[in-house]
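In the numbering used here, the protein residues as written are 1 to 171.
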């Protein structure tokens with residue numbers, strides 16, 4: 001069974017897993033597809049759709065926000081973001097309040113799915129079968145283990161996975 005690709009205007013499934021790409025675009029105003037993701041999230045709320053995430057989404061959101069802060073500081077100092085991370089130890093702590101605020105905002109919009117170590121083999125299988133990066137495979141394995149087969153994301157790699165529904169605003 002192939003992946004079913006849907007746009008943001010098509011029929012909604014009752015439960016949707018938010019990949020980090022969608023969560024970041026929804027929560028960060030400057031992101032490329034922010035307005036589309038904001039409108040889609042409004043549609044999910046209006047339709048009483050249950051939106052779910054995992055700890056991996058929270059982790060990727062935090063990394064994105066911290067890396068953005070490090071990159072912005074690097075632009076002003078002429079340093080690579082990794083050099084800023086090593087040499088300017090005040091940047092990450094200064095980014096933590098934004099990380100916390102965005103994670104709390106995400107928590108207000110979604111339910112966090114639990115997961116156990118038993119999904120590790122399913123994750124490896126997804127990596128083998130569909131050439132997925134580990135984190136993408138974990139997102140899919142966690143959702144599938146909770147009975148969720150519909151995803152909203154901006155990652156084309158999800159489109160390679162058989163038997164799932166992927167909502168995206170990508171052309």
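Every residue, glycine too, gets a C-beta built ideally from N, C-alpha and C.
All values reported here derive from a predicted model rather than from experimental measurement.
Residue i - DSSP class collapsed to helix/strand/coil
| i | result |
| --- | --- |
| residue 165 | strand |
| residue 52 | strand |
| residue 33 | coil |
| residue 26 | helix |
| residue 148 | coil |
| residue 178 | The structure shown does not extend to residue 178, since the chain is modelled only from 1 through 171, so no value can be given for it. |
Cβ of residue i within 8 Å of any chain D Cβ
| i | result |
| --- | --- |
| residue 66 | Among the protein chains of the structure shown there is no chain D, as only one such chain exists. |
Contacts around residue i, its chain only, beta-carbon distance under 7 Å, and the 5 residues preceding and following it disregarded
| i | result |
| --- | --- |
| residue 38 | 26 |
| residue 28 | 34 |
| residue 31 | 24, 25 |
Pairwise C-alpha distance: residue j and residue i
| i | j | result |
| --- | --- | --- |
| residue 126 | residue 160 | 10 Å |
| residue 172 | residue 118 | As displayed, the chain neither begins before 1 nor continues past 171, which places residue 172 out of reach and without an answer. |
| residue 18 | residue 41 | 10 Å |
| residue 48 | residue 90 | 41 Å |
| residue 111 | residue 105 | 12 Å |
| residue 73 | residue 11 | 43 Å |
| residue 152 | residue 24 | 12 Å |
| residue 82 | residue 92 | 12 Å |
| residue 36 | residue 6 | 14 Å |
| residue 71 | residue 100 | 19 Å |
Cβ-Cβ separation, residue j to residue i (assumed contact under 8 Å), whole Å
| i | j | result |
| --- | --- | --- |
| residue 44 | residue 150 | Contact flag wrong, Cβ pair sits at about 11 Å. |
| residue 162 | residue 21 | No, residue 162 and residue 21 are not in contact; Cβ-Cβ is about 20 Å, not under 8 Å. |
| residue 69 | residue 46 | About 34 Å separates the two Cβ atoms, so there is no contact after all. |
| residue 141 | residue 168 | Not a contact, Cβ separation roughly 20 Å. |
First through last residue of the beta strand (DSSP E) which encompasses residue i
| i | result |
| --- | --- |
| residue 160 | Careful: residue 160 lies outside any beta strand (DSSP E) and carries neither H nor E. |
Boundaries of the alpha helix (DSSP H) in which residue i is found, first to last residue
| i | result |
| --- | --- |
| residue 143 | 134-145 |
| residue 82 | 81-87 |
| residue 16 | That residue, residue 16, is in no alpha helix (DSSP H); its beta strand (DSSP E) goes 15-18. |
| residue 94 | 91-109 |
| residue 126 | 119-130 |
Same chain, Cβ closer than 8 Å to residue i, five either side skipped, listed in chain order
| i | result |
| --- | --- |
| residue 1 | 162, 163 |
| residue 58 | 103, 106, 112 |
| residue 87 | 79 |
Cβ neighbours of residue i in the same chain (closer than 6 Å, five flanking residues each side left out)
| i | result |
| --- | --- |
| residue 143 | 17 |
| residue 136 | 157 |
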